[in-house]
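Student:
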Amino acid sequence: DEMAAIDYRKVTEIKVDQGSDQPTISISLDQKAENKETKVVLPQFPGGEAAMYKWICDNIKYPDTDAAKKIKDTVRTVVRFTVTAEGKITNIELIRSAELPEFNEETLRLAKSLPDFIPARKDGKPIEATYAIPVTYKAM
Numbered sequence: 017d018e019m020a021a022i023d024y025r026k027v028t029e030i031k032v033d034q035g036s037d038q039p040t041i042s043i044s045l046d047q048k049a050e051n052k053e054t055k056v057v058l059p060q061f062p063g064g065e066a067a068m069y070k071w072i073c074d075n076i077k078y079p080d081t082d083a084a085k086k087i088k089d090t091v092r093t094v095v096r097f098t099v100t101a102e103g104k105i106t107n108i109e110l111i112r113s114a115e116l117p118e119f120n121e122e123t124l125r126l127a128k129s130l131p132d133f134i135p136a137r138k139d140g141k142p143i144e145a146t147y148a149i150p151v152t153y154k155a156m
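Take any residue in the sequence shown, count from 1 to its spot, add 16: that is its number in the numbering used here.
(1) Just to confirm the assignment, what range does the beta strand (DSSP E) spanning A148 have?
(2) Do the stretch 125 to 142 and the stretch 58 to 73 meet, that is, are 3 or more Cβ pairs less than 8 Å apart?
(3) Figure out for me which residue from E115, I108 and W71 has the closest Cα to the Cα of V91.
(4) Buried or exposed: which applies to W142, given that a residue is buried once 16 or more other Cβ atoms fall within 10 Å of its Cβ?
(5) I need the boundaries of the beta strand (DSSP E) containing I76, first residue and last residue.
(6) Nearest to Y147 by CA position, among K154, V95, K70 and A84, is which residue?
(7) What separation, rounded to the nearest whole angstrom, lies between the Cα atoms of K85 and T54?
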């Protein structure tokens, strides 16, 4: 599996196109006097980002513990994972965790139940890439 790794010292220009359903990042690399542009398309939830957040809202379960019920503010977590070249979700980890473990457990459960993604592409070829999702719990 090829990972989307780019030597930042060779980057001459980065363009971000968010005008389509699937955001695209074009990275121009200086490779010994010849300029080569590498087109990287980020991994995507089927149906796009709005569909992903709707899926999260439909599937999230606010922890049903006394401690969780006492929360007066919002609780933020961030989960990061790898989307394989086949679109499978692997290497799930919390990169921002909550003080109460029940929120962390729910964020991980949610990530493990995500449907397959549309994989990232580099120059048209599916590649493995990392993706992160913030998950915020609002006080009930």
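Note that the Cβ used here is the ideal one computed from N, Cα and C, for glycine as well.
Tutor: The answer reads as follows:
(1) Counting along the chain, the beta strand (DSSP E) containing A148 begins and ends at A145 to Y153.
(2) yes
(3) E115
(4) The residue you asked about is not Trp; residue 142 is Pro in the sequence shown. When all chains shown are included, P142 counts as buried.
(5) No beta strand (DSSP E) holds I76; DSSP gives it neither H nor E.
(6) V95
(7) 49 Å
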